[in-house]
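Chemist: Pasting a structure below so you can have a look.
Here it is, written out as structure tokens:
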């Protein structure tokens, strides 16, 4: 029996195809979102959305959320990932391991991982923001900080929540949709490619985490997102399922959204944009970091006991029908 051509494609070719698909789907998503915006809100809303300039129209935020959800998230990451998996394996559900049984206790442990990682993410974000480049790179640093301010302005615009309905919509647009889409793309596709390429789970997880953080182009938040990406990678690799990493990612995003909402409603005093550490005592962060590692190791032990993990490229090849 002749092996289908797609099964003979090497990992580096898979990576190239995935990147090209992401670019193509991003363009398609932007075009579709602009068509939808024009149909719903009229042509006058198209240019303000493209330039991310609030024109004072009360419908601008709704239009921009459509643009962000369809163009920047759903098509760029989720649609491209599903199309790629269909092309590569013909069985997207098996490729993403969406039907792999995950013991309920693993989801509880995943929540615990997020609880202890939050302070770690908080303190690394604080120090990352304080980093400065050498004198010869001041121009680059200015560009990075200006870009960061623009990103913060976009986040504030999207997370302008006046009621519970806005909160739920923001949780979906900023919390659930990016978590689902990015996990299918970065862990489901990219990490699978690097696993076949390197045959080493640790190299794979950290390479994918680096790309995951870099691709967001938020360099003053690179380190915490890098660490989050590593945690997501290990959860995916060890569980053998996409769902625990989706949950972890969703919790991280949604907690931030809820924090913004509570601050806007004056229910908490801590400003999410203040870059002030969550705790004043450094030992709290050390304890949380140790606890986070400990819970990750517990997660690993459970997956070993349940024989869930697929830790090498050869097993992965068999799992997704790739030679």
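Residue numbers (UniProt numbering): 1 to 323. Ideal placement from N, C-alpha and C gives every residue a C-beta, glycine not left out.
1) Distance check for residue 267 and residue 369, CA to CA, integer angstroms please.
2) On the premise that residue 24 lies in contact with residue 71, defined as a C-beta separation below 8 Å, what is that separation, rounded to the nearest angstrom?
3) Short of 7 Å in beta carbon distance, which residues of its chain neighbour residue 279, apart from the five on each side in sequence? Order them along the chain.
4) Do residue 173 and residue 90 come within 7 Å of each other at the CB atom, strictly closer than that value?
5) Please tell me whether residue 157 and residue 170 are closer than 7 Å, where the distance is taken between their beta carbons.
6) Is the stretch 244-255 in contact with the stretch 220-235, if contact means three or more CB pairs nearer than 8 Å?
7) What residue from 201, 282, 22, 17 has the CA that sits closest to residue 326's CA?
8) When you compare only the Cα positions, how much space is there between residue 260 and residue 9?
9) In its own chain, which residues sit with a C-beta less than 7 Å from the C-beta of residue 4, not counting the 5 before and 5 after it?
10) With DSSP collapsed to three states, give me the class of residue 148.
11) What three-state label does DSSP hand residue 132 in the structure shown?
12) Given a cut-off of 7 Å on the beta-carbon distance, is the pair residue 97 and residue 240 in contact?
13) DSSP three-state label for residue 177, please.
14) Quick check: the Cα distance between residue 319 and residue 100, rounded to an integer number of angstroms?
15) What is the residue span of the alpha helix (DSSP H) that residue 227 lies within?
16) Mapping the DSSP letters down to three states, classify residue 26 as helix, strand or coil.
17) Just tell me which of 262, 299, 164, 219 has its CA closest to the CA of residue 236.
18) Go ahead and pull the three-state DSSP assignment for residue 216.
19) Does the distance from the C-beta atom of residue 144 to that of residue 219 stay below 7 Å?
20) Would you call residue 106 buried or exposed, if buried means 16 or more other Cβ atoms sit within 10 Å of its Cβ?
21) Candidates 282, 283, 262: which alpha carbon is nearest residue 273's?
22) By how many angstroms is the C-alpha of residue 294 removed from the C-alpha of residue 136?
23) Using alpha carbons as the reference points, say which of 123, 178, 152 lies closest to residue 74.
24) Just mark residue 152 as buried or exposed, buried being the case when its beta carbon has 16 or more other beta carbons within 10 Å.
25) Taking only three categories from DSSP, how would you classify residue 301?
26) What are the complete alpha helix (DSSP H) segments, minimum 4 residues, inside the stretch 251-279?
27) Identify whether residue 53 lies in helix, strand or coil by the three-state DSSP scheme.
Modeler: The answer reads as follows:
1) Examination of residue 369 is not possible in this model, given that the chain is present from 1 through 323 alone.
2) Incorrect: roughly 13 Å between the Cβ atoms, too far for contact.
3) 119, 285
4) no
5) no
6) yes
7) With the chain running from 1 to 323 in the structure shown, residue 326 is simply not present.
8) 45 Å
9) Residue confidence for residue 4 is low, a pLDDT of 43 falling below 50, so the modelled location carries little weight; the figure read from the coordinates is stated next. Closer than 7 Å at Cβ, skipping near neighbours: no residue.
10) helix
11) coil
12) yes
13) helix
14) With a pLDDT of only 46 at residue 319, under 50, the local geometry of the prediction cannot be trusted, and the value read off the model is given with reservation. Their Cα atoms are separated by approximately 11 Å.
15) 222-239
16) helix
17) 299
18) coil
19) yes
20) buried
21) 262
22) 41 Å
23) 178
24) exposed
25) helix
26) none
27) coil
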